[in-house]
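Residue numbers (our numbering): 24 to 324.
In structure tokens, the structure reads:
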């Protein structure tokens, strides 16, 4: 069976609604699925008690109070009841297709990482999980009004216990850690499975008001930069498109397009370097032109 683990933001307002939606959907996967909720954030203890979750209040954090990925993964693998775990962001609604996909993959691989693309969908109210139609209605909403994200966006990681050992880096839960986890599995020679064709993971859209600097702070702030440095740059970042295999309705198939993903990655990086070189040349060319004027005004350069 399966152990899902996660950590949440404070359970208030819209974020509180979508987090409860996510947790309740996981509870509906199967009675034997274990769910571990990490953190002592506002409302976490109440949600865990109400939904019958395993609550782990303590989480190691950095100097800014942001939760550390290495602690979550190490602790979850230590205490999980089951040998297959799945880290899921707490705004993701899952349906039984995830459990079925994991069972199919585990029947073929003793060790693995399974990831998949998400569907961004606008959800503002609590879902009625007591209604048998909730899954059908949610799928229709995601397909009709939602948007399927590209392979860079990774919100669930199903893996076998021990796949990530003590060498997992002390990332914080901002950016780049997800792409590094895919790289780490690939670098360790483990099969990475893209389950996008058979698993619908619904991401409930939200704003970035939980961060003092909003979206810019999440993506371009100090912690994002530190995560990028920890990862070792773009060479240690991979996406769902880099998976070694694809899970289809017919079974596992080799991902013949993964090498094109590598080509695109190198082309994009070459473009960035070229643009930087061009702007570097223009900038210092302008400085050279105006240097006599700057010196006449008393500037050193």
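Glycine is no exception: its CB is placed at the ideal position from the N, C-alpha and C atoms. Since this is a predicted model, take the numbers as computed values, not measurements.
Review point. Near residue 209, what residues of its chain come up, given a Cβ to Cβ distance below 8 Å and the 5 sequence neighbours on each side ignored?
Key: Locating residue 209 in the chain shown gives position 186, counting from the first residue. Excluding positions up to five away in sequence, the list reads 215, 261, 265, 267.
Review point. Cβ of residue 195 within 8 Å of Cβ of residue 89?
Key: In the chain shown, the residue the question calls residue 195 occupies position 172. In the chain shown, the residue the question calls residue 89 occupies position 66. Against a cut-off of 8 Å, the Cβ pair of residue 89 and residue 195 comes out as a contact.
Exercise for review: With a cut-off of 8 Å on the beta carbons, I'd call residue 207 and residue 187 a contact; round off their distance for me.
Suggested key: As a first step, residue 207 is located in the chain shown; it is residue number 184 there, counting from the start. As a first step, residue 187 is located in the chain shown; it is residue number 164 there, counting from the start. Contact annotation, residue 207 with residue 187: C-beta distance approximately 7 Å; criterion of less than 8 Å satisfied.
Practice item. Return the residue from the list 162, 106, 55, 112 that minimises the CA-CA distance to residue 135. Key: By 1-based counting over the chain shown, the position of residue 135 is 112. Here the closest residue by C-alpha is 106.
Review point. Residues in its own chain within less than 6 Å of residue 220 by CB, not counting five upstream and five downstream?
Key: On the chain shown, residue 220 is found 197 positions in, with the first residue counted as 1. By the criterion of a C-beta distance shorter than 6 Å, residue 220 is surrounded in its chain by 271, once the five residues flanking it on both sides are discounted.
Review point. So, residue 104 versus residue 142, is the Cβ gap smaller than 8 Å?
Key: Position 81 of the chain shown, counted from the start, is the residue given in the question as residue 104. Position 119 of the chain shown, counted from the start, is the residue given in the question as residue 142. With contacts defined as CB atoms closer than 8 Å, residue 104 and residue 142 fail to qualify as a contacting pair.
**Study point:** From 26, 244, 60, 250, residue whose alpha carbon lies closest to that of residue 121
**Key:** Locating residue 121 in the chain shown gives position 98, counting from the first residue. That would be 26, whose Cα lies nearest to the Cα of residue 121.
Practice item. Specify the secondary structure class of residue 253 as computed by DSSP and reduced to three states. Key: By 1-based counting over the chain shown, the position of residue 253 is 230. Helix at residue 253.
Review point. Which first and last residues belong to the beta strand (DSSP E) in which residue 276 is found?
Key: Numbered from 1 along the chain shown, position 253 holds the residue referred to as residue 276. It spans 274 to 277 - the beta strand (DSSP E) in which residue 276 sits, taken as one unbroken run.
Review point. Going along the chain, which residues of its own chain have a beta-carbon closer than 8 Å to the beta-carbon of residue 68, five neighbours each way excluded?
Key: Indexing the chain shown from 1 puts residue 68 at position 45. Result list for residue 68: 78, 80, in chain order.
Exercise for review: Take the Cβ of residue 246 as the centre, count every other Cβ of all protein chains shown within 10 Å, and call the residue buried at 16 or more, exposed below.
Suggested key: Working through the chain shown from its first residue, we reach residue 246 at position 223. Buried, by the Cβ-count rule.
Practice item. Ignore the nearest five residues each way along the sequence and tell me which others in residue 249's own chain have a CB closer than 8 Å to its CB. Key: Translated into positions along the chain shown, residue 249 becomes position 226. Taking C-beta separations shorter than 8 Å and ignoring five residues to either side along the sequence, the partners of residue 249 in its chain run 195, following chain order.
**Study point:** Burial state of residue 38 (16 or more Cβ within 10 Å)
**Key:** Against the chain shown, residue 38 aligns to sequence position 15. Only buried fits residue 38, as 16 or more other CB atoms lie within 10 angstroms of its CB.
**Study point:** Span separating the alpha-carbon of residue 159 from that of residue 117
**Key:** Here residue 159 is taken as the residue at index 136 of the chain shown, counted from 1. Here residue 117 is taken as the residue at index 94 of the chain shown, counted from 1. Near 13 Å, if we compare the C-alpha coordinates of residue 117 and residue 159.
Point to revise | Residue interval of the alpha helix (DSSP H) (run including residue 94) | key: Taking the first residue of the chain shown as 1, we reach residue 94 at position 71. Per DSSP, residue 94 belongs to the alpha helix (DSSP H) from 92 to 102.
Review point. By a C-beta neighbour count over all protein chains shown, 10 Å radius and 16 as the cutoff for buried, is residue 294 buried or exposed?
Key: If you number the chain shown from 1, residue 294 lands on position 271. Here the model assigns residue 294 a pLDDT of 49, short of 50, so the residue's position is not dependable and the matter cannot be decided.
**Study point:** Cα-Cα separation, residue 201 to residue 189
**Key:** The residue you call residue 201 lines up with position 178 of the chain shown. The residue you call residue 189 lines up with position 166 of the chain shown. Put simply, the backbone Cα of residue 201 is about 17 Å away from that of residue 189.
Check your understanding: Which same chain residues, not among the five before or five after residue 276, have their C-beta less than 7 Å away from its C-beta?
Key -> What you label residue 276 is simply residue 253 of the chain shown in a count that begins at 1. Scanning its chain for C-beta atoms nearer than 7 Å, with the 5 sequence neighbours on each side dropped, one finds around residue 276 the residues 268, 269, in chain order.
Point to revise | Test item: CB-CB of residue 147 and residue 225 under 8 Å | key: What you label residue 147 is simply residue 124 of the chain shown in a count that begins at 1. What you label residue 225 is simply residue 202 of the chain shown in a count that begins at 1. Taking 8 Å as the Cβ cut-off, residue 147 and residue 225 do not qualify as a contacting pair.
Practice item. List the endpoints of the continuous beta strand (DSSP E) containing residue 24. Key: As a first step, residue 24 is located in the chain shown; it is residue number 1 there, counting from the start. Where residue 24 is concerned, there is no enclosing beta strand (DSSP E), given that its DSSP letter is neither H nor E.
Check your understanding: Which same chain residues, not among the five before or five after residue 184, have their C-beta less than 7 Å away from its C-beta?
Key -> Walking along the chain shown from the start, residue 184 turns up at place 161. Sequence-distant Cβ neighbours of residue 184 in its own chain, meaning closer than 7 Å and more than five residues away, are 100, 103, 106, 108.
Review point. Nearest to residue 111 by alpha carbon, out of 66, 256, 42?
Key: Within the chain shown, the letter at position 88 stands for residue 111. Nearest to residue 111 by C-alpha distance, out of 66, 256, 42, is 42.
Point to revise | Residues bridged to residue 78 (per DSSP) | key: Locating residue 78 in the chain shown gives position 55, where the first residue counts as 1. DSSP output for residue 78 lists 60 as bridge partner(s).
Exercise for review: May I ask which residues mark the beginning and end of the alpha helix (DSSP H) holding residue 176?
Suggested key: For the purposes of this step, residue 176 is identified with residue 153 of the chain shown, where counting begins at 1. Going by DSSP, residue 176 is part of no alpha helix (DSSP H) at all; its letter is neither H nor E.
Check your understanding: Just to confirm, are residue 164 and residue 113 a CB contact at a threshold of 8 Å?
Key -> By one-based count along the chain shown, residue 164 stands at place 141. By one-based count along the chain shown, residue 113 stands at place 90. No, Cβ-Cβ distance for residue 164 and residue 113 is not below 8 Å.
Review point. Where does residue 192 fall in DSSP's three states?
Key: If you number the chain shown from 1, residue 192 lands on position 169. Looking at residue 192 - three-state DSSP - the assignment turns out to be coil, as it is neither helix nor strand.
Exercise for review: Indicate whether at least one CB of chain C lies closer than 8 Å to the CB of residue 214.
Suggested key: Given the protein chain composition of this structure (a single chain), no chain C is represented.
Check your understanding: Thinking C-alpha only, which one of 47, 131, 273 is nearest residue 152?
Key -> In the chain shown, residue 152 corresponds to position 129, counting from 1. Cα-wise, what sits closest to residue 152 is 47.
Practice item. Pull up the DSSP beta-bridge partners for residue 152, would you. Key: Translated into positions along the chain shown, residue 152 becomes position 129. According to DSSP, residue 152 bridges with nothing at all.
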